[in-house]
Structures are given as C-alpha cells and as structure tokens.
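**Q** Each residue of the sequence shown is one higher than the last, beginning at 1484 in the working numbering. Yeah, the Cβ is synthetic: ideal placement off N, Cα and C, and Gly gets one too. Structure in structure tokens, see below.
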Amino acid sequence: MAVAGKNGGARRGCFITLEGGEGAGKSTQARMLAERLSLRGLECVTTREPGGSPHAEELRAVLLSGAVASLGPMAEALLFAAARVDHLDHTIRPALARGAYVICDRFADSTRAYQGALGNIDPRLILALEAVTVGATRPDLTLMLDLPAEVGLARARARRGGGATDRFESEGVEFHRGLRSSFLDIAAGEPSRCFVIDASGTPAGIAESIWVVVERRLLAPRPPGGSFKSTAAKPADGRRDDVRQDPQNQQDPQERVKA
Ligand code: Z5A
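Spelled out as structure tokens, the structure:
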C-alpha cells in the first residue's frame, strides 16, 4: 500500500542503508545484496553518499577533496545535507515511488557519526538538519557493518595501493575507533531500524548474515490470519506500512549478527 510521505509523494519501495567505518565492506555488500534481491525479481537501485545524483556527485568531489574541512564540521554537515537533498529528490524518492528497493552506501547516520559525534556538533542540531533534509524518507533498515578500525583501514589501504588518501581516510586510527563506537551507539539507540553485522568475515559470509536480516525484516510473509504488529519505536512519519515490523525481530543492542 502506498503511503504519502511528508516530503515527497507516495512511497511504495523499500529503503536500505549500509553504514560503518572505512573499508567495512559497504560497497561490496550493497552490490551483493542488490544482486540477490534482483534474483527475486525485485527492482534494485544501488546508490551512495555523498553523491548518487549528478549535482550531489559534484558536491562529493568538493567534500572528499578536503576543501571544506577548514570551514569546520558544521559547514561540512551543511554541504553533506545539500548533497542529500539533491540525492533524495532525484534518485531515492523517485525510485521508492515506483516500488524499487533502494540500497544506499552511507546516509544520514554518517553525518551523525562523522560531523556530529566526531565533529562535536550538538546532536540536536544534527537531528534538526536531518529532519529537514530527510523528512519522511527514513531508511526502513540500516545495516551497520562493524569491524575493528585497524582492519577496515588496512583493507582500504590495500585497495588504494600507493594512491593518495581522501579527507577522511587521512584521519588517525583514534578517529576511526571513535567512528566505530558512534555507529554502535546509533544502532543501540534505534534497534527497530538498525542491525549490527559482524563485518570481519568473508564477503560471502557477511552477505549471508545480511540476507538473513533482510529476509526476516523485509521479505518474510505475514503470519497466517494476522500481521506483525508495529512497535512503539515505529517512526511517526507515516512511512510504508508493509514492511514487517516484528518486535521479536528487533536486535538486542548487544547482539551482533555473526558472519
Ligand atoms: N561522510 C561524512 O563525513 N558524512 C556524511 O554524511 C557522509 C559521508 C554521507 C565517503 O567516502 C566519505 O564521506 C566517508 C565518510 C564521509 N569517509 N571515509 N572514510 P567513500 O565513499 O570514498 O568511502 P567509504 O564510504 O568509507 O567506503 P570505502 O572506504 O570505499 O569502504 P567500504 O565501501 O566500506 O568497503 P568496500 O569498498 O566494499 O571494500 C573495501 C576493500 O576491502 C575493497 O578492496 C574490498 O575488495 C575489500 N573487502 C570488502 N569486503 C571484504 C571482506 N569481507 N574481507 C576482506 N576484504 C574485503
């Protein structure tokens, strides 16, 4: 059933985001998840932030060059938000409106973690900015890929070879440890949306863990003669009502899905 969103028309599709630190495997897993959903005959749109639409990709180049860093984390947060507005308007909302599964490599939780927690911006400001930019188009499911900062950085280094680091890759290991705990804090605070996935295994093993969560949370048929009840944690934004919200499927904040 289509549900009218606050910021942008009817919404029938499903919005999945992947979050986590540098080199956690988000892009790899976004691709693998899209392939698996496509095999089910579902339309998938894989996208990323910053970027995902022509103007937002232009802003990505500016942000990752480090040109905005000297203006401080608030200016960076505003520019990430500007890119997000364009991305939502031109890629995410149109895809959701036609019923697609949108799989997005990073989204608003990255602003909360990078600019908010690590940039020391008052969380109320970050959440207010998020409310204005994202509106009703909140993720149905967020997969937090978790692994030690050193492992993610080593993966990213190996991939880069001798290439130059970008604005965020060049931060020290303490920054990346802080990021990891910020993402875990976000997941613990919103267990009805977020699932922590152990991202230290093989790509295939992690993909399997993700599939278990996606099947259970988004694809499982309703129980005969009834429906899963919405939980108290259901956002009051009128998002799609056909995503299964089984309270028993909410992750205990301490529970990690093992690869
Ligand atoms: N940022 C922000 O500050 N605020 C915001 O609001 C938003 C973003 C939206 C975007 O950088 C930067 O913008 C990001 C946060 C900031 N900064 N950083 N750092 P990006 O898009 O260029 O990079 P990224 O988002 O951090 O992703 P990544 O480094 O490309 O990592 P990944 O997507 O998580 O991993 P991957 O590309 O899938 O894999 C990395 C390598 O590891 C690659 O060679 C793979 O083949 C390998 N890999 C993947 N999985 C495995 C496993 N399981 N085992 C071993 N090796 C693996």
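How is Asp1572 classed by DSSP in three states: helix, strand or coil?
**A** Three-state DSSP puts Asp1572 in a helix.
**Q** In this structure, what does DSSP give as the bridge partners for Ile1586?
**A** Beta-bridge pairing links Ile1586 to Ile1499, Thr1529.
**Q** Excluding the five sequence neighbours on either side, which residues of its own chain have a C-beta within less than 8 Å of the C-beta of Arg1643, listed in chain order?
**A** Cβ neighbours of Arg1643 beyond the five flanking positions: Glu1652.
**Q** Can you determine whether any heavy atom of the ligand Z5A sits closer than 6 Å to the C-beta of Gly1506, and answer yes or no?
**A** Result yes, Cβ under 6 Å from the ligand Z5A.
**Q** Are there any heavy atoms of the ligand Z5A lying less than 6 Å away from the beta-carbon of Arg1642, as far as the coordinates show?
**A** Result yes, Cβ under 6 Å from the ligand Z5A.
**Q** Would you check whether the ligand Z5A has a heavy atom nearer than 6 Å to the C-beta of Ala1639?
**A** Result yes, Cβ under 6 Å from the ligand Z5A.
**Q** Between which residues of its own chain and Val1528 is the CB-CB distance below 6 Å, once the five residues before and five after are set aside?
**A** Correct list, in chain order: Ala1578, Ala1583, Val1585.
**Q** Determine which residues share a DSSP beta bridge with Phe1678 and list them.
**A** Its beta-bridge partners are Leu1626.
**Q** What whole-angstrom Cβ distance do Leu1628 and Lys1509 have, given they're in contact under 8 Å?
**A** With a Cβ gap of about 6 Å, Leu1628 and Lys1509 count as contacting.
**Q** With a threshold of 6 Å (Cβ to nearest heavy atom), would Pro1622 be considered close to the ligand Z5A?
**A** Pro1622 Cβ: outside cutoff for every heavy atom of the ligand Z5A.
**Q** Which of the three DSSP states is assigned to Phe1711 in this structure?
**A** Residue placement at Phe1711 is poorly supported in this model, since its pLDDT is 39, which falls under 50; the coordinates still yield a value, given next. In the structure shown, Phe1711 sits in coil (DSSP, three-state: anything other than H, G, I, E or B).
**Q** By alpha-carbon positions, which one of Leu1525, Gln1598, Thr1616 ends up nearest to Leu1546?
**A** Answer by Cα proximity: Gln1598.
**Q** Would the beta-carbon of Ala1614 be found less than 6 Å away from any heavy atom of the ligand GDP?
**A** In terms of ligand content, the structure shown lacks the ligand GDP and carries the ligand Z5A instead.
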